[in-house]
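Accompanying notes for the structure given below.
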Amino acid sequence: MSTQKLRGTTRTHEYLAAQNEDDAADLIKELGNKRRKILRIETAMNDEIADVKHRFENEAAPIKDEVEQLIASIQSWAEVNREDLTDGNKTKTVKLATGEINWRSRPPKVSLRGKSKIIQALKNLGLQRFIRTSEDIDKEALLKEKDAAAQISGISISSVGEDFSISPYELEIEDKQ
Numbered sequence: 001m002s003t004q005k006l007r008g009t010t011r012t013h014e015y016l017a018a019q020n021e022d023d024a025a026d027l028i029k030e031l032g033n034k035r036r037k038i039l040r041i042e043t044a045m046n047d048e049i050a051d052v053k054h055r056f057e058n059e060a061a062p063i064k065d066e067v068e069q070l071i072a073s074i075q076s077w078a079e080v081n082r083e084d085l086t087d088g089n090k091t092k093t094v095k096l097a098t099g100e101i102n103w104r105s106r107p108p109k110v111s112l113r114g115k116s117k118i119i120q121a122l123k124n125l126g127l128q129r130f131i132r133t134s135e136d137i138d139k140e141a142l143l144k145e146k147d148a149a150a151q152i153s154g155i156s157i158s159s160v161g162e163d164f165s166i167s168p169y170e171l172e173i174e175d176k177q
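Per full-length UniProt numbering, the very first residue in the sequence shown carries number 1; after that it's consecutive.
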């Protein structure tokens, strides 16, 4: 194998260039070994992260319970005294010595189940104003007729290029049952 330099924009990389099929096979084997080593390192990292996350979640759990109890206590008091606190519902925010309490109405929300049946029912009832129709450009059709599409201003069809990939063989142990 010969050593060649690959020039990039910021630094120079040295790499071994395969000279024949055997060299390429050896390099692919090495690539597979390195990828598996990275996978083992990432697995160990994720195991440690999971352990740390679990430890801190367990430490925070009782405090979260206390926070929920405090919120419930404050909300109960605020609801009982809401009329006085909000000056007859004239304000939605109450400033106390250590913080604020506020009430906010959530905006209305529409939930749909069985969208196609709802659309059909709206059409049957003559309520098309509740149906939104959108137009979109069919890019797949443009690709099928590249010559016609290329004549339209604003449309450009470019080559997708070529990807190079290397896939070292990975075997899995089969379960014997």
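Each residue gets a CB set at the ideal place from its N, CA and C atoms; glycine is no exception.
Predicted model, so just to flag it, every value in this text is computed and none were measured.
- DSSP places Lys95 inside the beta strand (DSSP E), whose first and last residues are Thr93 to Lys95.
- Residue state for Ala18 is assigned as coil, using DSSP reduced to three classes.
- Three or more beta-carbon pairs separated by less than 8 Å link the segment 19 to 32 to the segment 163 to 175, which places the two stretches in contact.
- DSSP lists Val94 as the beta-bridge partner residues of Ile101.
- Contact between Glu100 and Thr93 holds: CB atoms are separated by about 6 Å, below the 8 Å threshold.
- Rounded to whole angstroms, the separation of the alpha carbons of Glu145 and Ile152 is 12 Å.
- It is roughly 11 Å from the alpha-carbon of Leu122 to the alpha-carbon of Arg132.
- Between Ile155 and Leu143 a beta carbon distance of about 11 Å is seen, past the 8 Å cut, so the two are scored as non-contacting.
- Asp136 and Arg106 have their C-alpha atoms some 33 Å from each other.
- Between Ala148 and Ile157, the C-beta spacing is not below 8 Å.
- Going by beta carbons, Leu112 and Ile118 fall inside the 8 Å limit.
- Within the segment 141 to 171, the complete alpha helix (DSSP H) segments of 4 residues or longer fall at 146 to 150, listed in chain order.
- Beyond the five residues adjoining it in sequence on each side, Ala78 comes within less than 6 Å, by CB distance, of Ile101 in the same chain, given in chain order.
- Within the same chain, no Cβ atom closer than 8 Å to the Cβ of Asp175 is found once the five residues on either side in sequence are excluded.
- Here DSSP, grouped into helix, strand and coil, assigns Val110 to coil.
- Where Gln128 is concerned, there is no enclosing alpha helix (DSSP H), because DSSP gives it neither an H nor an E.
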